[in-house]
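Sequence order for the protein chains is A and B. The first sequence maps to residues 245 to 571 in my numbering. The second sequence maps to residues 120 to 454 in my numbering. Report on one structure; see the data block that follows.
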Amino acid sequence: MRTDLPTSTLLEMQRRMTRIRRFEERAAKMVKRGLIPGTVHTSIGQEAQVVGSCMALDDDDYMTGNHRSHGHPIGKGSPLGPLMAELVGKATGVCRGKGGSLHLADFSVGSLGESGIVGSSIPIATGSAFASKLLGRPRVSLAFFGDGAANQGVLYEAMNMAGVWKLPAIFLCENNQYALSTPAHTVTSGNIFERAAGFGIPGVRVDDGQDVIAVYDAVKTAADRARAGEGPCLVEVMTYRFNEHSEGLRIDNYRDKEQIDEWLSRDPLDRLAGRLRDRGITDEQLKELDAEVMEEVDRAVEFANESPYPEPSVAFEDLYTDEVTAV
Amino acid sequence: MSIMSYLGAIGAAQREAMEADERVVIVGEDVEANVYGTTGGGKSRSSEGDFLQLFGRNRIRNTPISEEGIVGIAAGAAMTGLRPIVDLSYSSFLYMAMDQFVNQVAKNRYMFGGQASMPVVFRSAMFYGLNTGAHHSDRPYPMFMNVPGLKIIAPASPEDAKGLLRAAIDSDDPVLTFEAVKLWGLKGEVGDDPFRIPLGVARTVREGTDVTLVAISGSVPDACAAADRLAEEGVSVEVIDPRTLVPLDTAAILTSVARTGRLVVVEPAHRTCGAAAEISALVAEEVFDALKAPIVRLTAPDMQIPFSPSLEQQMYPTRDGIVAALRRVTGLAPA
Ligand SMILES: Cc1ncc(C[n+]2csc(CCOP(=O)(O)OP(=O)(O)O)c2C)c(N)n1
Chain A
245 MRTDLPTSTL LEMQRRMTRI RRFEERAAKM VKRGLIPGTV HTSIGQEAQV VGSCMALDDD
305 DYMTGNHRSH GHPIGKGSPL GPLMAELVGK ATGVCRGKGG SLHLADFSVG SLGESGIVGS
365 SIPIATGSAF ASKLLGRPRV SLAFFGDGAA NQGVLYEAMN MAGVWKLPAI FLCENNQYAL
425 STPAHTVTSG NIFERAAGFG IPGVRVDDGQ DVIAVYDAVK TAADRARAGE GPCLVEVMTY
485 RFNEHSEGLR IDNYRDKEQI DEWLSRDPLD RLAGRLRDRG ITDEQLKELD AEVMEEVDRA
545 VEFANESPYP EPSVAFEDLY TDEVTAV
Chain B
120 MSIMSYLGAI GAAQREAMEA DERVVIVGED VEANVYGTTG GGKSRSSEGD FLQLFGRNRI
180 RNTPISEEGI VGIAAGAAMT GLRPIVDLSY SSFLYMAMDQ FVNQVAKNRY MFGGQASMPV
240 VFRSAMFYGL NTGAHHSDRP YPMFMNVPGL KIIAPASPED AKGLLRAAID SDDPVLTFEA
300 VKLWGLKGEV GDDPFRIPLG VARTVREGTD VTLVAISGSV PDACAAADRL AEEGVSVEVI
360 DPRTLVPLDT AAILTSVART GRLVVVEPAH RTCGAAAEIS ALVAEEVFDA LKAPIVRLTA
420 PDMQIPFSPS LEQQMYPTRD GIVAALRRVT GLAPA
């Protein structure tokens, strides 16, 4: 069943997907040129899954991400400047330069943080759902994780608790079909979404995860249900990453070219652009949207570059809320 | 003032905190039925003071046996508005949740540049010396002292159990509390009013001038008894219970050793990288010149804990062992 979303919402989806695409393309370039230290994992190709999920949530709903998660705060509405500054390690970064690419968090949009430890943030989102339920807040919490993370035991501990306590939680598996170089079917028994049945909670799979509206529909259904007090859901979205596991990593022996090409032909940005054209949006307008986003990214990079690095003393702040004195 | 057991004092602190603040909830395995004795008046649902009756199932929450999930969920809840007290029962089970403790609870506030605070207390009990075998006899607090971002308390008296737990619940940072089960029945005077003992302040259990004896957790009663024995021989022992291990009251320890010139440290954890090792190193770094004798550490050996009482007894520092160490550093001939 398709939600009949207004054109303005579709345009906002396109804008957010474009933001993720252009932001990450730029980040990948900057990694190559040594302007971003450390490693960066892009979600290029998975924008529909990220934006469809985030836009099905309310602004103050919570979410946690994983190691491939620049897109999630963007999907939730974060401004790009502090995110880019964080990737570069600047004082104005969303985490003051303490987090970096793997650990972005923007509490102002309900992004409770990402996790370089695969699967580890799942109970954090679940705990925020627990808090919402006990405090009587109508908030939903969504935990993003990959098909690789789906084999971590903590997911099942969290789903069980969320199920038995009817928490307003959504477990969202971004099944891009590979964990680094390992094809999901070689390490995963059965279907991930069907594992929900064992916990007595709904499990659904979005087979066309490159269609942002299909993702939106599935997550919206889960969110409405959660908000109505009916408990958690597991949503598995079939998608694909276009780039390597991480920037600079070159292992090209586990995915063949035909497969990549086939997924490239179903680019989520193009797919939604087609729909927008059907609604009378012109190529001109779409180009303009892209140009505006490019400009936003330019400004974010400028902001990041012009920002100072944190003072060395900042390394010793934020561990505790009060000062713990050493001798 | 009332006479209260150590366990009773923990229960009293929990009840006070729950009455004072609706955001305080208790989660853990078997907390509803008061199996471990800190969430109710008795083992009967009709007992006065039963937490489930007082606070309801939302705030006294039985969990599945899912330690990693419990710790993570408590962390997520703490980041978003609750102030959970997590009862993890046996300290050995903390290992199940190592990822959540180290990678989430301890790191999140830091990694996210201070956007989140983590007001959560994790309680666990060290069942050592009770013939519970290797899987239930751990004293793991030194491992957690090695993780920046966690605060660690190890109360050794009923008064401290209550006051430190209240302070821990007030803290906006994650606090792990380690209780020695052999102290659970210990009775002492405890203030009836809500009171707090600040984290990071040691307790000088008895004052002395000849040697500083730092004792941790379940070692404190033995340390005091050993000090009594030495007093009969004219040696004045100062007994210090740090009671919070992170933050550690280094000033109290260093000032005392600077005065006495001698240090014995006693604790029930393993020797390598234990709290005693840390305290010894601190003293050696900071007040080496004051030392009149080598520092002595009394700890458990780097062995797992055997089951048989005849084997287990020898694993922890004993009163006689402490007496012998005190004699050694003060130059007294062995008795
Ligand atoms: C606990 C843990 N084990 C291993 C890794 C190394 N690692 C990082 S990403 C990754 C693959 C994860 O796959 P998946 O969850 O499917 O996410 P994807 O990268 O496909 O988005 C691995 C093995 C890690 N970061 N954490």
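For every residue, glycine included, the Cβ atom is placed at its ideal position computed from N, Cα and C.
- Within the segment 207-237 of chain B, the residues whose Cβ lies closer than 7 Å to any Cβ of chain A are, in chain order, D218, Q219, N222, Q223, N227, R228, Y229, M230, F231, G232, G233, Q234, A235, S236.
- If you draw a straight line from the Cα of A342(B) to the Cα of P238(B), it is about 33 Å long.
- The segment 279-287 of chain A makes contact with the segment 343-362 of chain A: 3 or more CB pairs, one atom from each, lie closer than 8 Å.
- For secondary structure counted as the alpha helix (DSSP H) over 4 or more consecutive residues, the segment 400-434 of chain A holds no complete run.
- Listed along the chain, the chain B residues whose CB falls inside 8 Å of the CB of R340(A) are G232, G233.
- Listed along chain A, the residues sitting closer than 8 Å to A196(B) by beta-carbon distance are G371, S372, F374, A375, L378.
- The beta carbon of S399(B) sits no closer than 8 Å to any beta carbon of chain A.
- At a threshold of 7 Å, A393(A) counts as near ligand 1, since its beta carbon sits closer than that to one of the ligand's heavy atoms.
- When only Cα atoms are considered, L451(B) and R416(B) end up about 18 Å apart.
- Annotation for H489(A): H285, Y422, L424, S425, I495 place their beta carbon closer than 8 Å to its own, counting only its chain and skipping 5 residues before and after.
- Residues of chain B whose Cβ lies closer than 8 Å to the Cβ of H347(A) are, in chain order, M230, F231.
- Membership of M123(B) in the beta strand (DSSP E) is indicated by the continuous run 121-124.
- At a Cβ-Cβ threshold of 8 Å, T308(A) and L356(A) count as neighbours.
- For H316(A), the shortest C-beta to heavy atom distance toward ligand 1 is 7 Å or greater.
- Taking the Cβ of I288(A) as the reference point, every heavy atom of ligand 1 lies at 7 Å or farther away.
- Annotation: the continuous alpha helix (DSSP H) that includes H316(A) extends over 315-320.
- In the DSSP assignment, G307(B) forms a beta bridge with M123(B).
- If you keep only unbroken beta strand (DSSP E) runs of at least 3 residues inside the segment 135-208 of chain B, you get 143-147, 179-181.
- The C-alpha of P382(A) is placed about 7 Å away from the C-alpha of S376(A).
- Around P552(A), no beta-carbon contact reaches into chain B at under 7 Å, the shortest distance being about 15 Å.
- In its chain, beyond the 5 residues on either side, L533, V537 have a beta carbon closer than 7 Å to the beta carbon of R259(A).
- Contact check for Q133(B) against I204(B) passes: the beta carbons are separated by less than 8 Å.
- For I366(A), the CB stays at least 7 Å from every heavy atom of ligand 1.
- At least one CB of chain A lies nearer than 8 Å to the CB of S185(B).
- Shown in chain order are the members of the segment 255-275 of chain B whose Cβ falls below 9 Å from a Cβ of chain A: P267, G268, K270.
- Per DSSP, the continuous alpha helix (DSSP H) segment holding E431(B) begins and ends at 428-431.
- DSSP, reduced to helix, strand and coil, places F246(B) outside both helices and strands of the structure shown, so it counts as coil.
- Straight through space, the alpha carbons of A299(B) and I398(B) are spaced by roughly 20 Å.
- One thing to note: K342(A) has its Cβ no nearer than 8 Å to the Cβ of S551(A).
- Scanning chain B for C-beta atoms nearer than 8 Å to the C-beta of N404(A) yields P183, S185, G188, reported in chain order.
- At least one beta carbon of chain B lies nearer than 8 Å to the beta carbon of D562(A).
- Residue range 415-419 is occupied by the beta strand (DSSP E) that includes T418(B).
- Judged by their CB atoms, I316(B) and D291(B) are not nearer to each other than the 8 Å cut-off.
- Cβ-Cβ distances below 7 Å link L302(B) to Y125, A275, G337 in the same chain, with the five nearest sequence neighbours on each side left out; the list follows chain order.
- Using a CB distance cut-off of 8 Å, D408(B) does not count as an interface residue toward chain A.
- Using beta-carbon distances, T199(B) counts as an interface residue toward chain A, with a partner under 8 Å.
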